[in-house]
Structure formats: structure tokens, C-alpha cells
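In short: position in the sequence shown from 1, add 730, done, that's my numbering.
Cβ atoms here follow ideal geometry from the backbone N, Cα and C, with glycine treated the same way.
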Amino acid sequence: MSEGTGYFIAGTDTDVGKTRVSILLMRQLAAAGIAVQGMKPVASGCERSDDGLTNADAVALREASAHPLDYADHNPYHFEPSIAPHLAAADLGVSISPQRILLAYQRLAITGPVIVEGVGGWKVPLAEGFSVSDLARLIGLPVILVVGVRLGCLNHARLTAESIRADQINIAGWVANRLEFDCERQDDLVETLKGCLDMPYLGAVEYQTVDEFEHSTGSFCVS
Numbered sequence: 731m732s733e734g735t736g737y738f739i740a741g742t743d744t745d746v747g748k749t750r751v752s753i754l755l756m757r758q759l760a761a762a763g764i765a766v767q768g769m770k771p772v773a774s775g776c777e778r779s780d781d782g783l784t785n786a787d788a789v790a791l792r793e794a795s796a797h798p799l800d801y802a803d804h805n806p807y808h809f810e811p812s813i814a815p816h817l818a819a820a821d822l823g824v825s826i827s828p829q830r831i832l833l834a835y836q837r838l839a840i841t842g843p844v845i846v847e848g849v850g851g852w853k854v855p856l857a858e859g860f861s862v863s864d865l866a867r868l869i870g871l872p873v874i875l876v877v878g879v880r881l882g883c884l885n886h887a888r889l890t891a892e893s894i895r896a897d898q899i900n901i902a903g904w905v906a907n908r909l910e911f912d913c914e915r916q917d918d919l920v921e922t923l924k925g926c927l928d929m930p931y932l933g934a935v936e937y938q939t940v941d942e943f944e945h946s947t948g949s950f951c952v953s
């Protein structure tokens with residue numbers, strides 16, 4: 731992986747493990763000697779602290795970065811309400827600017843490859859005529875699709891994969907994230923996905939507690 735490259739981490743839905751996969755991938759690349767940066771361009775559900783309004787996922791991505799920059803570079807748009815970001819922005823009279831996000835990404839990319847985490851699913855709107863899929867196209871990184879393994883994931887995964895291909899975005903592959911300890915037939919779900927998703931399978935993230943996750947790293951088949 732060369733300077734200024736990286737991956738865009740997309741998901742089949744919200745809460746499917748995009749942040750977890752992003753951080754595990756960053757740890758994997760760091761272990762290989764690659765100075766990687768993390769970015770979450772848009773986030774809602776933020777909290778106020780002594781450092782201002784911040785998002786827990788964005789903070790984790792910044793802390794995992796080799797050369798952290800200002801928080802606003804890692805997370806240009808952060809909103810307090812836990813609602814769709816375009817609604818949160820509209821409530822504040824804010825228009826999410828693709829150019830502002832791109833400039834922040836370019837500042838991060840100067841220092842090394844960037845792992846960019848999307849928000850919600852592939853077609854989540856961010857502004858008028860600008861969705862997560864448009865954000866991925868703007869940044870131009872290969873997409874890794876995170877599939878949260880649970881009941882309903884087959885339909886979500888197939889529709890998202892078809893949408894990414896229809897948008898003619900470069901797909902690096904997909905990751906199975908096991909969300910539930912006791913989800914029935916998890917292995918069968920993953921095998922079914924392998925057969926119906928026309929993209930490389932990069933690996934799985936096993937169900938982990940918070941403590942287990944803190945001491946784990948990724949083992950994804952990425953170059």
C-alpha cells in the first residue's frame with residue numbers, strides 16, 4: 731500500500747461494525763509497518779466534553795492513527811443528535827460540503843494511507859444530491875463492505891453489493907462481522923454470502939467483548 735491510498739469502509743446498515751473493522755484493519759497495517767490514518771467524515775450521536783463535541787467512533791479512529799491531526803480533520807462534520815446526519819445538519823442550518831471533506835482527507839493522506847469510515851448504509855443522504863456513495867466516489871478509494879452477520883443480512887448484503895457495482899465503484903472485497911454470540915447458523919450465513927456476493931471475501935471478525943477487542947488485530951486478506 732503506497733502513500734495516499736487506503737480503503738473506504740462501507741456497511742450494509744448502521745451498527746454493523748464499520749468502526750471495529752476499520753480499527754482492526756488499521757492495527758493490521760500498523761503491524762506491517764504502514765503509518766495509517768483514520769477518518770470518519772460525518773458522524774451524528776456526538777457527545778460534549780472538555781474537547782468540544784466529539785464522536786466516540788471518530789475519537790477511536792484518530793487515536794489509532796499513526797500521526798493524528800486536528801480532530802476536525804479526522805471528523806469534519808459532527809452532530810449531537812443521534813439522527814440521520816442530513817437531518818441533524820439541516821436542523822442547525824448546516825450544509826455538508828463535499829469539498830470540505832475532501833480537503834480534510836487530503837491533509838490526512840499526506841501523512842499516509844487513510845482508512846475512511848462511511849456513515850450508515852451505502853445510500854444514506856448527507857446533503858442535497860450527495861450521499862455516502864457519492865462520498866466514496868469523491869474520495870476514490872477501493873471499498874470494503876462490512877456485512878453484519880445476523881438475520882436479514884443476506885438481503886441487505888446483496889442489495890448493497892449490487893448498488894456499489896451499479897455505481898461503478900472499485901470494490902476491494904467484503905468482511906463478515908459476527909455481531910451476536912448466539913446468532914443461529916452464522917457459518918451457513920457466511921457461506922451463503924460467499925456464494926452470492928460477487929466480490930472477494932477478505933475475512934471475518936469473530937464476536938468479541940470490549941476487552942477482547944482492545945487486544946485484537948485484523949487478519950484481512952488485503953494488499
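Distance check for Ser825 and Leu754, CA to CA, integer angstroms please. 32 Å
Quick one: Cα of His808 to Cα of Ser774, how far? Taking the Cα positions, His808 is about 6 Å away from Ser774.
Under 8 Å between C-beta atoms of Gly736 and Leu833: no
Return the chain-ordered ranges of every beta strand (DSSP E) run that is complete within the stretch 866-890 and spans a minimum of 3 residues. 873-879
Cutting at 8 Å between CB atoms, please list the residues of its own chain near Asp864, excluding the five before and the five after it. Pro828, Leu856
With DSSP as the reference, identify every bridge partner of His808, one or two as the case may be. Answer is Ala773, bridged to His808.
Alpha carbon to alpha carbon, what distance is there between Val920 and Ser812? Between Ser812 and Val920, the C-alpha separation is close to 30 Å.
So, do the stretch 879-890 and the stretch 750-769 have three or more beta carbon pairs nearer to each other than 8 Å? Touching, no.
Pick from Tyr835, Gly842, Val854, Asp781: whose alpha carbon is nearest that of Ile764? Out of Tyr835, Gly842, Val854, Asp781, Gly842 has the C-alpha closest to the C-alpha of Ile764.
Which one of Asn907, Gly948, Leu875 has the shortest CA to CA distance from Leu927? Leu875
Whole-Å CB distance - Thr742 paired with Val877, under 8 Å assumed: Val877 and Thr742 do touch by the CB rule: their CB atoms are close to 5 Å apart, below 8 Å.
Based on DSSP bridge pairs, tell me the residues matched to Gln836. The partner list for Gln836 (beta bridge, DSSP) is empty, contrary to what the question assumes.
What residues in its chain sit with their C-beta under 7 Å from that of Thr784, if we drop five residues either side in the sequence? Cys776, Glu777, Tyr801, His808
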